[in-house]
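Novice:
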Amino acid sequence: MARATPSPEEAAVPPTYEDALAELERLVAAMEGGQLPLDKLLDSYKRGAQLLSFCRARLEAVEQQVKVLEDGELKPWTSA
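Each residue of the sequence shown is one higher than the one before, counting from 1 in the UniProt record's numbering.
1. Under the three-state reduction of DSSP, which class applies to Val13: helix, strand or coil?
2. Identify which residue in Leu52, Lys75, Ser53 has its Cα closest to the Cα of Glu63.
3. Kindly confirm or deny that the segment 23–37 and the segment 64–71 touch, where touching means at least three C-beta pairs closer than 8 Å.
4. Between Leu36 and Glu60, what straight-line distance do the alpha-carbon atoms span, to the nearest angstrom?
5. What three-state label does DSSP hand Gly34 in the structure shown?
6. When we look at the beta-carbon of Ala2 and count the other beta-carbons within 10 Å, is it buried (16 or more) or exposed?
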C-alpha cells in the first residue's frame, strides 16, 4: 500500500520558535473561522499538533539552558 506523501507544509520544520508560533496562530484563526472544508480542517489540526509539539520542545530546551546558566535554579525574571 502506497503511503501518502506529506505536503511541503506538513513536512517542513519551522526554522524558529517564532515562525512556528506565527504559523500556529494563522492555523487557529483559519480553523476558528469555520470556513475550512473538512479535509483541510483535519490537515490543519494535524499541522497544528506538529507545530505545538515543536514549540513545546523549543521552550523546554531553552528552559534547560536557563537552568544551567543559573546554576540549576530557575530564578524569577526581573526587568531592569
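Backbone N, C-alpha and C define an ideal beta-carbon position, used for all residues, glycine too.
Specialist: In brief:
1. If DSSP states are grouped into helix, strand and coil, Val13 belongs with coil.
2. Ranking the options by Cα distance to Glu63, first place goes to Lys75.
3. With a cut-off of 8 Å, the segment 64–71 and the segment 23–37 do not count as touching, because too few Cβ pairs lie within range.
4. So the alpha carbons of these two residues sit roughly 32 Å apart.
5. Coil at Gly34, not helix or strand.
6. Only weak support exists for where Ala2 lies, its pLDDT of 48 falling under 50; the coordinates are left without a value.
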